[in-house]
Structures are given as C-alpha cells and as structure tokens.
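Its first residue numbered 1, the sequence shown is counted upward by one per residue in UniProt numbering. The beta-carbon is built from N, C-alpha and C at its ideal position, and this holds for glycine as well. Report on one structure; see the data block that follows.
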Amino acid sequence: MSTLKERITEDMKAAMRAKEAERLGTIRLLLAACKQKEVDERIELDDAAVIAVVDKLIKQRKDSVAAYSQAGRSDLADKESAEITVLQVYLPQRLSEAEIAAAVATIVAEVGATGPGDMGKVMGTVKSRLAGKADMGLVSAAVKKALQP
C-alpha cells in the first residue's frame, strides 16, 4: 500500500508524460506545499497531514473563486475551479451532512456540552475525529446548531 504522497508523486509523473500542463502545475503546487510543511515542522507527513494540506489548498482556492467571481474575473475563477477539481481527487470520501450531524450529536453527549459556551471544547474533539473526513465549515455549522439552547 503506497502512501498518499507517493500517489501524488506518481500522478505528477503521469501528468508530465501526458503533457497535461494545468494538472501538472496543480500537483506540483500540492507537493511544494507538503514539502514546505515538512521543512517548517521538521517532520515527515503522513496521509492525514497530507489531507490537511489538500484541505487548506482547496479552501484557499474556494476563497479565490469567490473573490474573482465578485470582481468579474471569470477567467481566473475558472482556473481556480479547475485546480479544486484536481485537488479533490486526493481527499477521502466525505461524510454527508446527516453523518456529520450524528457524529456531532454523539460528541456533544460524550463531552457533556450544554450550550454555546462549550463550542471550543466540542470543536476540539470534533476536529480530531473528523479531520479530513468532513468539510469543517459544515462541521462548525452542525456544532452551532447542536449547541443552540
């Protein structure tokens, strides 16, 4: 079983051979972000850490798409959207909103949270369990809803 980082490297080589410039550029960007994190923290990234890097890059791209769309730059928004499509290949299957709500309800009960003041405590546990498995924006919304008085 190869690691996610090895799979990304193999995909980069395949993109080079196929002369897919846009895909190659995005994959190189991902590998550079992984390498930067390894150098900054002096660690070897495991699959979970690589998924976190991919999540971060996708979030940045989504923010850029929104900004470019608002500014009327559809050409740049389309480029960022294409990069999101390439990056999403490296994410595991995401949980549905119903699965997220169920997981959050279980964690709220485990932690003994009673109201909005316990959001930090709940989010800490939720992040450790659902990192890489769910969109954290949806998770945050589910936690807020679960902690409503």
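Residue i vs residue j beta-carbon contact at 8 Å
i	j	result
Glu-80	Tyr-68	yes
Leu-29	Val-54	no
Leu-147	Ala-113	yes
Glu-48	Gly-132	Position check: residue 48 holds Ala in this sequence, whereas Glu was assumed. Cβ atoms of Ala-48 and Gly-132: closer than 8 Å.
Leu-57	Leu-95	no
Ile-107	Val-89	no
Val-139	Thr-125	no
Val-142	Ala-101	Note on residue identity: the sequence assigns Ala, not Val, to residue 142. Yes. Within cutoff.
Asp-40	Ile-27	no
Val-50	Leu-4	yes
Gly-115	Pro-149	yes
Chain-order list of residues whose beta-carbon lies under 6 Å from that of residue i (same chain, five-residue window excluded)
i	result
Asp-75	none
Arg-23	Ala-15, Val-86
Ile-43	none
Residue i, enclosing alpha helix (DSSP H) - first and last residue
i	result
Arg-96	A small fix is needed here, since residue 96 is Ser in this sequence, not Arg. Looking at the DSSP string, Ser-96 is not in any alpha helix (DSSP H), and its letter there is neither H nor E.
Ala-18	Note, Ala-18: premise wrong, no alpha helix (DSSP H); not H, not E.
Gly-137	136-146
Val-53	47-70
Leu-76	74-88
Arg-129	119-130
Neighbourhood of residue i by C-beta distance below 7 Å, restricted to the same chain and skipping five residues each side
i	result
Glu-97	Leu-138
Ala-134	Arg-94, Leu-95, Ile-100
Ala-105	Ala-146
Cys-34	Lys-5, Leu-45, Val-50, Val-53
Other residues of its chain near residue i: CB distance less than 8 Å, five sequence neighbours each side excluded
i	result
Arg-7	Tyr-90
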